[in-house]
Amino acid sequence: MQRPQCRTSRRSFMPYKPDTLHFTPPFITKRTAKGNDEKTLILEDNEVRFEPFMHLQLDKLRYDPSFRELALPATLSNASGCYKKSTCTCTNRLFKSNKIRKLRTTCVNAGAELQIYNSCLYPSTEFDLPILGVDLLHFGRKTICIVDFQPLEKREAYLNKYIAPLSSIKKNYPFLNNTVSNRFYDDRTWFSDQMLYLNNKFHLSDFYEAFEQYLRIYLQLLEDAEAIGGSRVTHVSSMHSKYDKYNKERDPAIVMFSKIFGKEFSTAVTDSFLFSF
Numbered sequence: 002m003q004r005p006q007c008r009t010s011r012r013s014f015m016p017y018k019p020d021t022l023h024f025t026p027p028f029i030t031k032r033t034a035k036g037n038d039e040k041t042l043i044l045e046d047n048e049v050r051f052e053p054f055m056h057l058q059l060d061k062l063r064y065d066p067s068f069r070e071l072a073l074p075a076t077l078s079n080a081s082g083c084y085k086k087s088t089c090t091c092t093n094r095l096f097k098s099n100k101i102r103k104l105r106t107t108c109v110n111a112g113a114e115l116q117i118y119n120s121c122l123y124p125s126t127e128f129d130l131p132i133l134g135v136d137l138l139h140f141g142r143k144t145i146c147i148v149d150f151q152p153l154e155k156r157e158a159y160l161n162k163y164i165a166p167l168s169s170i171k172k173n174y175p176f177l178n179n180t181v182s183n184r185f186y187d188d189r190t191w192f193s194d195q196m197l198y199l200n201n202k203f204h205l206s207d208f209y210e211a212f213e214q215y216l217r218i219y220l221q222l223l224e225d226a227e228a229i230g231g232s233r234v235t236h237v238s239s240m241h242s243k244y245d246k247y248n249k250e251r252d253p254a255i256v257m258f259s260k261i262f263g264k265e266f267s268t269a270v271t272d273s274f275l276f277s278f
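Position in the sequence shown counted from 1, then plus 1, gives you this note's numbering.
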């Protein structure tokens, strides 16, 4: 069967530069029809791009001198294929620090047809912090952006400590109060009630602002975290393993990766990178 011809996308994700400091997102101010000033992200040729979110997250984390990137084998780090006749690339990266067991990032780029930035931050199992999940997708005319402190427990004391502080931020963004589809995620165990969920591209700048505030809180929690020790470490390790198993069975990206980049790459990335605990 002949492979479809791919058009080359005009721009790929910008590489992360370790010396980047204080990354400035490309905001502009527009005057609305009602005469109000509205800040929005600059879109190249009206295309959605997620580089500002990626750079923001990595730049905030690099202030920890122990934060570093780990080498990935070529079989996991890069792939290319076709998506709707456009060249589609996938770039995976892996980071860690003294308090971060694993931060994985995935960038998928097929120009105007498809843009994805996905990251998942797993704290060291010495800490019982939530897992920080980020999922930004744009395909066709649809944009979905999600960020959440994904709780390891649903005990009231745990939620009050780690999730409740987000409510003061989320209340300022009522249009980010959507929910994940039951089509893939029928169980809400791993989602908090303070999840930010955007389902259009018209509030990307607002989502960026809320995302930055969520990052600030998460990194403060990480900085202040004290090792739990004892049987709690075993419990946290078990919850990380259950989290990976849950998502490995449900994440729709796995099927998409198989179609675009081939089953071999999809299987390897799923087992050895995305959900490898």
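Ideal Cβ placement from N, Cα and C applies to all residues, glycine included. As the structure is a computational prediction, the values presented were derived from the model and not from experiment.
Determine the contact status of Cys121 and Phe266, defining contact as a CB-CB distance below 9 Å.
-> no
Taking the CB atoms as reference points, tell me whether Leu57 and Leu205 lie closer together than 9 Å.
-> For Leu57 and Leu205, no; Cβs fall outside 9 Å.
Whole angstroms is fine: what's the gap from Ala211's alpha carbon to Thr88's?
-> 32 Å
Ordered along the chain, which non-local residues of its own chain (more than five positions away) have a Cβ less than 6 Å from that of Gly134?
-> Cys121, Asp149 and Gln151
Could you name the residues of the same chain whose beta carbon sits closer than 7 Å to that of Asp207, not counting the 5 residues immediately before and after it, in chain order?
-> Tyr174
Leaving out five residues before and five after Ile117 in sequence, what residues of the same chain have Cβ atoms less than 6 Å from its Cβ?
-> Val109 and Leu138
Is the Cβ-Cβ distance between Lys103 and Phe278 less than 9 Å?
-> Phe278 sits close to Lys103, with the two beta carbons spaced by under 9 Å.
Flag this pair as yes or no: are the beta carbons of Phe258 and Thr271 separated by less than 9 Å?
-> Between Phe258 and Thr271, the gap from beta carbon to beta carbon is short of 9 Å.
To the nearest angstrom, how far is it from the Cα of Asn79 to the Cα of Asn119?
-> When rounded, the distance between both Cα atoms is 15 Å.
Run through DSSP, which three-state label would His1 get?
-> There is simply no residue 1 to check, as the chain begins at 2 and stops at 278 in what is shown.
Which residue from Gln195, Ile147 and Val256 puts its Cα closest to that of Asn161?
-> Gln195
Grab the span of the alpha helix (DSSP H) containing Ile229 for me, first residue to last.
-> That residue, Ile229, is in no alpha helix (DSSP H); it is neither H nor E in DSSP.
Can you list, in chain order, the residues of its chain whose CB lies under 8 Å from that of Ser273, leaving out five sequence neighbours each side?
-> Leu77
Where the beta strand (DSSP E) through Ser120 begins and ends = Looking at the DSSP string, the run of the beta strand (DSSP E) that includes Ser120 is Leu115 to Pro124.
Can you tell me the Cα-Cα spacing of Phe192 and Ala269, whole angstroms?
-> 26 Å
Gly82 and Cys7 closer than 9 Å at C-beta | yes
Residues near Thr126 in its chain [Cβ-Cβ closer than 7 Å; skip 5 each side] = Arg102, Val234, Val237, Ser238 and His241
Under the assumption that Leu130 contacts Leu223 (Cβ atoms under 8 Å), give the Cβ distance between them as a whole number of angstroms.
-> 6 Å
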